[in-house]
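In order, the protein sequences belong to chains A and B. Here the working numbering is used: the first residue of the first sequence is -10, the next is one more, and so on. Here the working numbering is used: the first residue of the second sequence is -10, the next is one more, and so on.
2 protein chains.
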Amino acid sequence: MPAQRFADRIAELGLSPPQTGLLRVVAMRPGQSQQAIANQLGTPPSRLVALVDGLEQRDLIERRRNPDDRRHHALYLTEAGVRFMAQLAVIGKEHEDAMCAGLDPAERGQLLGLLSRIAVEQGLTPMVHPGYRAMAEQPD
Amino acid sequence: MPAQRFADRIAELGLSPPQTGLLRVVAMRPGQSQQAIANQLGTPPSRLVALVDGLEQRDLIERRRNPDDRRHHALYLTEAGVRFMAQLAVIGKEHEDAMCAGLDPAERGQLLGLLSRIAVEQGLTPMVHPGYRAMAEQPD
DNA sequence: TATTGTTATACTCTATAACTATA
DNA sequence: TATAGTTATAGAGTATAACAATA
């Protein structure tokens, strides 16, 4: 249920989990093309279109055409997007607290450490939810 | 990716994750009606139909009409179903080992303990994947 | 001709509601 | 009239392939 509860929380703000993940990617490294992001997430570029549309309609990110190569749409956060990321950080923190209720701080640290090691061991890309990755994932 | 990798493993055997979960429920307590199971899993009864159909076609479970009330279909494992459950246990074990590679036995125990406490704390029904639960869940 | 983004299409999964058969 | 199971229908989410614009 953890994932569902997080989804419920961000749904109150009108965003889906995949949109939220994309927003975080744009926040982490603004200015990337949709192709670059699709490659990074391991998802078909066509899937990004609807996600980007949604975030752009909510004025959280914007597409900027590259004048040098007008095929590229570089993605950037808007000011509202920056503010939204701050909200998101709060929600993430609250969610983590709620999930770890019943564990004392030392145990939380243990859990985080163990899970992080598993993530590394399994080759998961940091900050990228595995749900984006459909098939093979070729690094740049 | 853990969930996806497990899905891939059982897909080799021709089963989907929801089917696998249902099979386990039937194995745990044979003879329940589809309504009872739907209630237990927190899923609409209509969803069970296709899952049961699939398992029945693969001869892993069987529907038996209750002569006293012919509306009920009690679900039972077939012999093949029992054998399949044994295979499933092996796969589950292998999957867990693969996921925990990199952790020594003591750390695995720690992780299991911490996660179990979270599951209890969050009120998750033991042996039932949260993915079945759509909305409210009313106990019997 | 190749690449970026987009659109068109199809498929899977699921929930809701209508239906049937039994009671 | 009520209940167990089923079928019909519709919606969300996603992948694949075709397409338009640009290079």
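Backbone N, C-alpha and C fix where the C-beta goes; we use that ideal spot for every residue, glycine too. Source: prediction; values computed, not measured.
For a contact meaning CB atoms closer than 7 angstroms, what does E96 of chain B contact in chain A? L103
Does R106 of chain A get closer than 7 angstroms to chain B when you measure Cβ to Cβ? yes
Can you find the residues in the same chain that come closer than 6 angstroms, C-beta to C-beta, to H118 of chain A, ignoring five residues on each side of it along the sequence? G10
Let me see if you follow: with CB-CB separation under 7 angstroms, is A90 of chain B close to chain A or not? yes
So, helix, strand or coil for S5 of chain A, using DSSP? coil
Does chain A have any CB closer than 7 angstroms to the CB of E83 of chain B? no
Suppose you measure from the CA of R53 of chain B to the CA of R106 of chain A; what does that come to, to the nearest Å? 47 angstroms
According to DSSP, residues forming a beta bridge with Y65 of chain A: A:E51
Neighbourhood of P34 of chain B by C-beta, 8 angstroms cutoff - its chain only, sequence neighbours within 5 removed: Q23, Q24 and A27
Could you tell me the alpha carbon to alpha carbon distance between R47 of chain A and D57 of chain B, rounded to whole angstroms? 58 angstroms
Taking P(-9) of chain B as part of the alpha helix (DSSP H), name the residues at either end of that continuous run. P(-9) to A0
Given a threshold of 16 other Cβ atoms within 10 Å of its Cβ, counted over all protein chains shown, does V14 of chain B qualify as buried or as exposed? buried
Just the chain B side, please: which residues come within less than 7 angstroms of P6 of chain A by C-beta, in chain order? Those do not exist, as P6 of chain A stays about 14 angstroms from chain B at its closest Cβ, beyond 7 angstroms.
Under a Cβ-count criterion, where at least 16 other Cβ atoms within 10 Å of its own Cβ denotes burial, should A125 of chain B be classed as buried or exposed? Residue confidence for A125 of chain B is low, a pLDDT of 39 falling below 50, so the modelled location carries little weight and cannot support an answer.
Rounded to whole angstroms, what is the Cα-Cα separation between A63 of chain A and T114 of chain A? 22 angstroms
Mark V38 of chain B as exposed unless 16 or more other C-beta atoms lie within 10 angstroms of its C-beta, in which case mark it buried. exposed
M116 of chain B: CB within 6 angstroms of a non-hydrogen atom of the ligand FAD: With respect to small molecules bound, the structure shown includes none, and the ligand FAD cannot be examined in it.
What's the gap between the Cα of Y121 of chain B and the Cα of G43 of chain B? 17 angstroms
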